[in-house]
Amino acid sequence: VAGEETMDFPMNPLALAKEGSMESLIEATHGLLVLEHEEMVSYPFPLGTADEACDAAMILAGSWLEKLKNGGRVDAKERFCESFVAKLEENGMKDGQVYKVVGAEAALLSLKKPEMFNAEL
């Protein structure tokens, strides 16, 4: 779309995907929270129609596309949406008239306060 490398997005939804990142955050509580249970789940993430999928992608790409538009690339959003939907289709993420991200995985962590912090004052 830009004809150059993309800039970093202002937020990174995969920031906590790195192995051990959640455990590091739990350790940073210095014992106030402990991991009780961890479960991995896999699920499809529905995006809806092509227009809805494009709208959802604006959470990440919207500010970048706005900068491109202000810089003279008035069709930046349209070009991005066409490319985004094409990539979804190339990767088998179209089901009829709707799109969904498949193969998404998440770790569900159950945390608790240690018993010594549950006493009434």
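In the working numbering, the protein residues as written are 2 to 122. Where is the CB? At the ideal position from N, CA and C, for every residue including glycine.
Proximity to residue i [Cα-Cα], best of the options
i	options	result
Gln98	Leu89, Glu106, Glu24	Leu89
His38	Met117, Glu116, Ala108, Phe118	Ala108
Glu53	Phe118, Glu83, Ser111, Ala16	Glu83
Glu24	Val75, Gly63, Leu112	Leu112
Met41	Glu28, Asp96, Ala18, Thr50	Ala18
Leu48	Arg74, Lys95, Met117	Lys95
Ala87	Phe118, Ala51, Leu26	Ala51
For residue i: DSSP bridge partner residues
i	result
Asp56	Its beta-bridge partners do not exist; DSSP assigns none.
Lys78	Paired residue(s): none; Lys78 is not in a bridge.
Val102	Phe46
Same chain only: Cβ atoms within 8 Å of residue i, ignoring 5 sequence neighbours per side
i	result
Lys70	Ala77, Lys78
Per-residue burial, residue i [other beta carbons within 10 Å of its own, 16 or more giving buried]
i	result
Phe85	buried
Gly93	exposed
Residues near residue i in its chain [Cβ-Cβ closer than 7 Å; skip 5 each side]
i	result
Tyr44	Ala105
Phe46	Lys101, Val102, Ala105
Pro115	Gly32, Val35
Leu66	Ala77, Lys78, Phe81
#### Entry: At least 3 beta-carbon pairs within less than 8 Å: the region 31-40 vs the region 50-68
The region 50-68 and the region 31-40 do not touch, with fewer than three beta-carbon pairs separated by less than 8 Å.
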